[in-house]
Amino acid sequence: EADIYQTPRYLVIGTGKKITLECSQTMGHDKMYWYQQDPGMELHLIHYSYGVNSTEKGDLSSESTVSRIRTEHFPLTLESARPSHTSQYLCASQPSSGNTIYFGEGSWLTVV
Amino acid sequence: RKEVEQDPGPFNVPEGATVAFNCTYSNSASQSFFWYRQDCRKEPKLLMSVYSSGNEDGRFTAQLNRASQYISLLIRDSKLSDSATYLCVVLRGNTPLVFGKGTRLSVIA
Chain V
220 EADIYQTPRY
230 LVIGTGKKIT
240 LECSQTMGHD
250 KMYWYQQDPG
260 MELHLIHYSY
270 GVNSTEKGDL
280 SSESTVSRIR
290 TEHFPLTLES
300 ARPSHTSQYL
310 CASQPSSGNT
320 IYFGEGSWLT
330 VV
Chain P
58 RKEVEQDPGP
68 FNVPEGATVA
78 FNCTYSNSAS
88 QSFFWYRQDC
98 RKEPKLLMSV
108 YSSGNEDGRF
118 TAQLNRASQY
128 ISLLIRDSKL
138 SDSATYLCVV
148 LRGNTPLVFG
158 KGTRLSVIA
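From first to last, the protein sequence lines stand for chains V and P. Counting in my numbering, the first sequence runs from 220 upward without gaps. Counting in my numbering, the second sequence runs from 58 upward without gaps.
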């Protein structure tokens, strides 16, 4: 089993609030990713990091930001949540020397 | 054109049937290929890697055709528990993995 954890698993929040989705992995993986996925739809890469202090935007434009101060943590922040941000957010990690990507269980965000 | 294309399905098959999915990729520099499985409202998980010579894992067989740039997944003797979305995934260099949209399979009793 993959040791990658996301919190909170479920969150309902009001419009305009700031939220941070946490992602931690204990496998020492250098590469980490955030994906956004609506139910029944495809995965969209929104951010990724290949190491500490390195972050890149993904294919899907997102109003969220990320940071990578420590190898184990890759939090995603929305400064001002909107109903259009309602979705599932999946964090993943991958070792530099391998190809397999491991996903967390996801954070389901609902903005009302 | 999407870098990885899959037929979204759904494929509705009876238990015990054999079903095959294809996936095409557009970038000839793609190096590694995988099939991931995603259950409803769950995270994707690696099902199997795809090797040039083809590989088998129990009821699952994966094939790669580099000349035609497609990957296939064959499932024999389908079980109800095989119902899921199957994601074709491609790796090219040091770039993030590219996921297809997925093919939905529903195995019916």
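We put the CB at the ideal spot given by N, CA and C, even for glycine.
Which value, in whole angstroms, describes the spacing of the CA atoms of residue i and residue j?
i: A166 (chain P); j: G259 (chain V); result: 22 Å
i: N112 (chain P); j: N79 (chain P); result: 15 Å
i: S110 (chain P); j: Q120 (chain P); result: 7 Å
i: V107 (chain P); j: G115 (chain P); result: 14 Å
i: G233 (chain V); j: Q244 (chain V); result: 29 Å
i: S89 (chain P); j: D257 (chain V); result: 27 Å
i: L240 (chain V); j: A124 (chain P); result: 43 Å
i: N318 (chain V); j: K102 (chain P); result: 13 Å
i: L264 (chain V); j: D96 (chain P); result: 19 Å
i: E291 (chain V); j: K158 (chain P); result: 29 Å
i: C310 (chain V); j: S303 (chain V); result: 19 Å
i: M416 (chain V); j: S140 (chain P); result: Here chain V comprises residues numbered 220 to 331, so residue 416 (chain V) is not present and cannot be evaluated.
i: D222 (chain V); j: G325 (chain V); result: 13 Å
i: R301 (chain V); j: G235 (chain V); result: 6 Å
i: G289 (chain V); j: Y224 (chain V); result: It should be pointed out that residue 289 (chain V) corresponds to Arg in this sequence rather than to Gly. Distance between the alpha carbons of R289 (chain V) and Y224 (chain V) is about 15 Å.
i: C145 (chain P); j: S83 (chain P); result: 13 Å
i: M105 (chain P); j: V231 (chain V); result: 35 Å
i: N272 (chain V); j: S163 (chain P); result: 43 Å
i: N151 (chain P); j: G277 (chain V); result: 14 Å
Using the beta-carbon count (16 or more within 10 Å), is residue i buried or exposed?
i: A86 (chain P); result: exposed
i: Y321 (chain V); result: buried
i: I128 (chain P); result: buried
i: R287 (chain V); result: buried
i: V331 (chain V); result: exposed
i: R94 (chain P); result: buried
i: E275 (chain V); result: exposed
i: M246 (chain V); result: exposed
i: K136 (chain P); result: exposed
i: S316 (chain V); result: exposed
i: S312 (chain V); result: buried
i: T81 (chain P); result: buried
i: S283 (chain V); result: buried
i: L279 (chain V); result: exposed
In the DSSP output, which residue or residues are listed as bridge partners for residue i?
i: Y269 (chain V); result: Beta-bridge pairing links Y269 (chain V) to no other residue.
i: T284 (chain V); result: V:T296
i: P71 (chain P); result: P:I165
i: Y93 (chain P); result: P:L103, P:L144
i: K250 (chain V); result: V:Q313
i: T152 (chain P); result: For T152 (chain P), which the question treats as bridged, DSSP gives no partner whatsoever.
i: N122 (chain P); result: P:Y127
Assuming residue i and residue j make a contact with CB atoms under 8 Å, what is their CB distance in whole Å?
i: F68 (chain P); j: V76 (chain P); result: 6 Å
i: Y229 (chain V); j: W327 (chain V); result: 5 Å
i: T160 (chain P); j: G73 (chain P); result: With a Cβ gap of about 19 Å, T160 (chain P) and G73 (chain P) do not count as contacting.
i: K237 (chain V); j: S281 (chain V); result: At roughly 15 Å, the Cβ-Cβ gap does not stay under 8 Å, so K237 (chain V) and S281 (chain V) are not in contact.
i: E100 (chain P); j: G270 (chain V); result: Incorrect: roughly 23 Å between the Cβ atoms, too far for contact.
i: P153 (chain P); j: Y308 (chain V); result: Actually they are not in contact, since the Cβ atoms of P153 (chain P) and Y308 (chain V) sit about 16 Å apart, beyond 8 Å.
i: P294 (chain V); j: C242 (chain V); result: 6 Å
i: T167 (chain V); j: T305 (chain V); result: No statement about residue 167 (chain V) is possible, as the shown extent of chain V runs from 220 to 331 and does not include it.
i: T118 (chain P); j: L131 (chain P); result: 4 Å
With 7 Å as the limit, tell me which residues of the region 299–327 of chain V have their beta carbon closer than that to any beta carbon of chain P; keep them in chain order.
Here the close residues are L309, N318, T319, I320, F322, G323, E324, G325.
Report the residues of the region 147–159 of chain P with a CB closer than 9 Å to any CB of chain V, ordered along the chain.
L148, N151, P153, L154, V155, F156, G157, K158, G159
Interfacial residues, the region 94–122 of chain P to chain V, with Cβ spacing under 9 Å:
Within the region 94–122 of chain P, contact with chain V at the beta-carbon level (separation under 9 Å) is assigned to Q95, C97, R98, K99, E100, P101, K102, L103, S106.
Can you pull out the residues from the region 70–92 of chain P whose beta carbon lies closer than 8 Å to at least one beta carbon of chain V?
Residues S89, F91.
Which residues, in order along the region 260–271 of chain V, keep a beta-carbon less than 7 Å from a beta-carbon of chain P?
E261, L262, L264, Y267
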